[in-house]
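Structure, as C-alpha cells:
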Amino acid sequence: MTPPHTMTVLGIVIGGTLALTWAVLGFWACAFVALFMLIGGLVGRVVDGRLDVTALVDAFRGKRSSS
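In C-alpha cells form, the structure reads like this:
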C-alpha cells in the first residue's frame, strides 16, 4: 500500500500536466491527454492484476455478478 502523501503528489502532477496541456494546447488536446492517462491507468491496473478484465466487460454489457 502506498503512503498517503505519495497519492497527493501524484494528484498534483496529474493536475499540473492537464492544466499545462490546456493552457498551451487548448481544451481538445487536454481532453486527449486525459483520455490516454485514463487508458494508461487501466492498463497498469490490469498488468498489476488489480483489475479483472472479464468483470469489467461484463459490467459494461449490463451483466450482474454474484461474487
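Per the working numbering, residue 557 is the first one in the sequence shown, and the count goes up by one each step. Ideal Cβ placement from N, Cα and C applies to all residues, glycine included. Keep in mind the model is a prediction, meaning the values are calculated, not measured.
Asked                                                                                                                                             : Found
Rounded to whole angstroms, what's the CA-CA distance from G572 to G596? Just pull it up for me.                                                  : 17 Å
Can you tell me whether DSSP reads D614 as helix, strand or coil?                                                                                 : helix
Identify the continuous alpha helix (DSSP H) that holds R601 and give its terminal residues.                                                      : F583 to D604
Only counting the same chain, and skipping five residues up and downstream in sequence, which positions put a Cβ closer than 7 Å to that of T577? : A585, C586 and V589
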